[in-house]
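Student:
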Amino acid sequence: MKKWIAFLLCAVLTLSLFAGCGKTDDHIITVAASPTPHAEILKIAAKELEKEGYTLKVVEYADYIIPNEVTESGDVDANYFQHTPYLATFNQENGTHLVPVASIHYEPFGIYAGTCASLEGLSDGAKIAIPNDGSNRARALLLLQEQGILKLKDGAGMEATKLDIVETYPENLEIVEMEAAQLPKVLDSVDLAVINGNYALGAGLTASVDALATEDAASEPAQLYANILVVKDGNQESEKTQALKKALQSDAVRDYINEAYSGAVVPVF
-3 MKKWIAFLLC
7 AVLTLSLFAG
17 CGKTDDHIIT
27 VAASPTPHAE
37 ILKIAAKELE
47 KEGYTLKVVE
57 YADYIIPNEV
67 TESGDVDANY
77 FQHTPYLATF
87 NQENGTHLVP
97 VASIHYEPFG
107 IYAGTCASLE
117 GLSDGAKIAI
127 PNDGSNRARA
137 LLLLQEQGIL
147 KLKDGAGMEA
157 TKLDIVETYP
167 ENLEIVEMEA
177 AQLPKVLDSV
187 DLAVINGNYA
197 LGAGLTASVD
207 ALATEDAASE
217 PAQLYANILV
227 VKDGNQESEK
237 TQALKKALQS
247 DAVRDYINEA
257 YSGAVVPVF
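The working numbering applies: residue -3 is where the sequence shown begins, and numbers increase by one.
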């Protein structure tokens, strides 16, 4: 009899432990993220989630493939590292079923002074350096158009190239294309350079202080290339997803981004 009682007690204890583990798992949210700035931002979101009874676990990855793979497999609940165009291409090429659920931030392009100290100081034949890859090239050209430095063909949009330039102000403006990472290094040999936020920050340039102009948070590129929270299709409305979305779009996260990155990272919520 005593053996049976001991056995039953052991069984009840085991079931209780499993039940407890299930409850704990339900309140742990695991997110795959790039180290900077995504994992840093998630640390602030974690404090907001604690208020709702959740624990946030961040798994950092240096590449852009594994975070999507582990989200698809269910090893993590979500990821935060990419923008919508990249996600669409990844889904198409890999047969994955990942969807965006919230836009959090973008990293703006800025126009930085080289040998010319201002946008108004450009003269005929001035040289402006821009990135040579597709989407970044278009973003640079659109920013230059916003600032009245050139005019693109109607409808060029995010597919714009140098061939779409119909006028420049001043005349004979030379657009010099090069690898984006090299742009901060050529400021002493061009009049202006249009530089991505990451590379500007890495070169010690602060967008809010050093840039002559930056992308508007409401602009097409800013919205298109906003970094997003991503989950597997079907999990959009789960309690975990909604709690994480709320935390990432909180006032605390917005304030942190604005204070920590000096314009190199900009909230879009």
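Beta carbons: idealized from backbone N, C-alpha and C, even for Gly.
Under 8 Å by Cβ, that's how I've got E65 and H93 pegged, so tell me the actual separation to the nearest angstrom.
Tutor: Position 69 of the sequence shown, counted from the start, is the residue given in the question as residue 65. Position 97 of the sequence shown, counted from the start, is the residue given in the question as residue 93. Wrong, their Cβ atoms sit about 12 Å apart, outside the cutoff.
Student: Alpha carbon to alpha carbon, how far is L225 from G49? Give it in angstroms, no decimals.
Tutor: Taking the first residue of the sequence shown as 1, we reach residue 49 at position 53. Taking the first residue of the sequence shown as 1, we reach residue 225 at position 229. Computed Cα separation, rounded: 20 Å.
Student: According to DSSP, simplified to helix, strand and coil, what is P166?
Tutor: Counting from 1 along the sequence shown, the entry for residue 166 is found at position 170. Coil, per DSSP.
Student: Here's the rule I'm using: 16 or more other beta-carbon atoms within 10 Å means buried, otherwise exposed. How should Q88 be labelled?
Tutor: The residue you call residue 88 lines up with position 92 of the sequence shown. An exposed status is given to Q88, since fewer than 16 other beta-carbon atoms sit within 10 Å of its beta-carbon.
Student: On the DSSP letters alone, give me the boundaries of the beta strand (DSSP E) that Y108 sits inside.
Tutor: By 1-based counting over the sequence shown, the position of residue 108 is 112. First-last of the beta strand (DSSP E) with Y108: G106 to A109.
Student: For the alpha helix (DSSP H) holding S204, just list the boundary residues, first then last.
Tutor: The residue you call residue 204 lines up with position 208 of the sequence shown. Segment A203 to D206, the alpha helix (DSSP H) holding S204.
Student: According to DSSP, V262 sits in a beta bridge with which residue or residues?
Tutor: In the sequence shown, residue 262 corresponds to position 266, counting from 1. For V262, which the question treats as bridged, DSSP gives the partners Y102.
Student: Do you know how far the Cα of G106 is from the Cα of L146?
Tutor: In the sequence shown, counting from the first residue as 1, residue 146 sits at position 150. In the sequence shown, counting from the first residue as 1, residue 106 sits at position 110. Each residue's alpha carbon lies about 16 Å from the other.
Student: Does DSSP put T157 in a helix, in a strand, or in coil?
Tutor: In the sequence shown, counting from the first residue as 1, residue 157 sits at position 161. Correct three-state label for T157: coil.
Student: Confirm, please, whether the CB-CB distance from V172 to A122 is below 8 Å.
Tutor: One-based indexing of the sequence shown puts residue 122 at position 126. One-based indexing of the sequence shown puts residue 172 at position 176. Cβ atoms of A122 and V172: not closer than 8 Å.
Student: Measuring only the C-alpha atoms, how far is T202 from G259?
Tutor: Looking up residue 202 in the sequence shown gives position 206. Looking up residue 259 in the sequence shown gives position 263. Approximately 7 Å between the Cα atoms of the pair.
Student: From what residue to what residue does the beta strand (DSSP E) around Y50 run?
Tutor: The sequence position of residue 50 within the sequence shown is 54, counting from 1. Per DSSP, Y50 belongs to no beta strand (DSSP E) and is neither H nor E.
Student: Give the C-beta separation of E221 and H23 to the nearest angstrom, bearing in mind that I take them to be a contact with Cβ-Cβ under 8 Å.
Tutor: For the purposes of this step, residue 221 is identified with residue 225 of the sequence shown, where counting begins at 1. For the purposes of this step, residue 23 is identified with residue 27 of the sequence shown, where counting begins at 1. Note that residue 221 is Tyr in the sequence shown here, rather than Glu. That pair is no contact at about 33 Å.
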